[in-house]
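J.:
Residue numbers (the working numbering): 430 to 590.
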């Protein structure tokens, strides 16, 4: 199976008016960096709507802010969700008040992250240096297993095979 590229994702899900909207909301961001962040959000949205990947997978505040701004454009966000693989609306919920997340066993959180990132690699290819900082869950896995990025990508590629 060939990976879906960042360019294909942006072409499919991000129209020019929405990109202009984001450039106005993030005027100090380089357009290439902004497109990368939007692409990472879209990758998350494409993967999180599958039942086997349900649950919280954390990403950076920068990515979350993009999601917040997209949601504010209610019609465009609804249209985006219809284009996602399941066509279902993806709800956003703050983690600030989630007490029961503390009740989830650390092993289950680690497994959820492993599942998510192996699916990420299977669908989109390796996580790059430039996008690693957007994924705290990936950094946690790397720390837990004492992996560098190359090892992380290799191990998770084997899991998804």
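From the three backbone atoms N, C-alpha and C, an ideal C-beta is built for every residue, glycine too.
1. Report the three-state DSSP secondary structure of residue 563 (helix, strand or coil).
2. Could you work out which residue in 586, 540, 562, 547 is closest to residue 573 when comparing CA atoms only?
3. Do you know how far the Cα of residue 450 is from the Cα of residue 499?
4. Quick check on this structure: which residue in 565, 460, 556 has the alpha carbon closest to the alpha carbon of residue 488?
5. If you follow the alpha helix (DSSP H) that residue 492 is part of, which residue opens it and which one closes it?
6. What did DSSP end up calling residue 446 once you bin it into helix, strand or coil?
7. How many angstroms separate the CA atom of residue 576 from the CA atom of residue 473?
8. Please list, in chain order, all residues of the same chain as residue 526 whose beta carbon is under 7 Å from its beta carbon, the five residues on each side excluded.
9. What does the Cβ neighbour count give for residue 537, buried or exposed, with the cut at 16 atoms within 10 Å?
10. Figure out for me which residue from 497, 504, 431, 544 has the closest Cα to the Cα of residue 476.
11. Taking only three categories from DSSP, how would you classify residue 526?
12. Whose C-beta lies closer than 7 Å to the C-beta of residue 589 among residues of the same chain, with five residues either side of it excluded?
13. Please return the same chain residues whose Cβ sits closer than 6 Å to the Cβ of residue 553, not counting the five positions on each side in sequence.
14. Is the CB-CB distance between residue 442 and residue 509 below 8 Å?
15. Using only the alpha-carbon positions, how far apart do residue 559 and residue 435 sit?
16. To the nearest angstrom, report how far apart residue 469 and residue 446 are at their CA atoms.
T.: Short version:
1. Taking the chain shown and counting its residues from 1, one reaches residue 563 at position 134. Assignment of residue 563 by DSSP, reduced to helix, strand and coil, places it in the coil class.
2. For this step, residue 573 is matched to residue 144 along the chain shown. A check of alpha carbon separations from residue 573 across 586, 540, 562, 547 identifies 540 as the nearest.
3. Locating residue 499 in the chain shown gives position 70, where the first residue counts as 1. Locating residue 450 in the chain shown gives position 21, where the first residue counts as 1. Taking the straight line from one Cα to the other gives about 9 Å.
4. Within the chain shown, the letter at position 59 stands for residue 488. Among 565, 460, 556, the Cα nearest to that of residue 488 is on 565.
5. Along the chain shown, one-based indexing puts residue 492 at 63. Where residue 492 is concerned, the enclosing alpha helix (DSSP H) starts and stops at 490 to 501.
6. Indexing the chain shown from 1 puts residue 446 at position 17. Secondary structure at residue 446: helix, using DSSP grouped into helix, strand and coil.
7. On the chain shown, position 147 is the one that residue 576 refers to. On the chain shown, position 44 is the one that residue 473 refers to. In this model, residue 576 and residue 473 are separated by some 22 Å (Cα to Cα).
8. The residue you call residue 526 lines up with position 97 of the chain shown. Note that residue 526 scores 44 on pLDDT, short of 50, meaning its location in the model is unreliable; the coordinates nonetheless yield the value given after this. Excluding five sequence positions before and after residue 526, none of the CB atoms of its chain fall closer than 7 Å to its own CB.
9. Translated into positions along the chain shown, residue 537 becomes position 108. Exposed is the call here.
10. Counted from its first residue, the chain shown places residue 476 at position 47. Proximity to residue 476 across 497, 504, 431, 544 peaks at 544, based on C-alpha coordinates.
11. By 1-based counting over the chain shown, the position of residue 526 is 97. Confidence at residue 526 is low in this model, with a pLDDT of 44, below 50, so its placement is unreliable and the value that follows should be read with caution. Under the three-state reduction of DSSP, residue 526 is assigned to coil, being neither helix nor strand.
12. One-based indexing of the chain shown puts residue 589 at position 160. The residues are 547, 548, 550, 551.
13. Your numbering for residue 553 matches position 124 in the chain shown. Close CB contacts of residue 553 within its chain, under the 6 Å cut and outside five residues either way in sequence, are with 432, 433, 472 (chain order).
14. As a first step, residue 442 must be located in the chain shown, where it is residue number 13. As a first step, residue 509 must be located in the chain shown, where it is residue number 80. Taking C-beta atoms as the reference points, residue 442 and residue 509 count as a pair closer than 8 Å.
15. Reading the chain shown from its first residue, position 130 is the one you call residue 559. Reading the chain shown from its first residue, position 6 is the one you call residue 435. Answer to the nearest angstrom: the Cα atoms are 13 Å apart.
16. Stepping through the chain shown from its first residue, residue 469 is reached at position 40. Stepping through the chain shown from its first residue, residue 446 is reached at position 17. Each residue's Cα considered, the two are about 19 Å apart.
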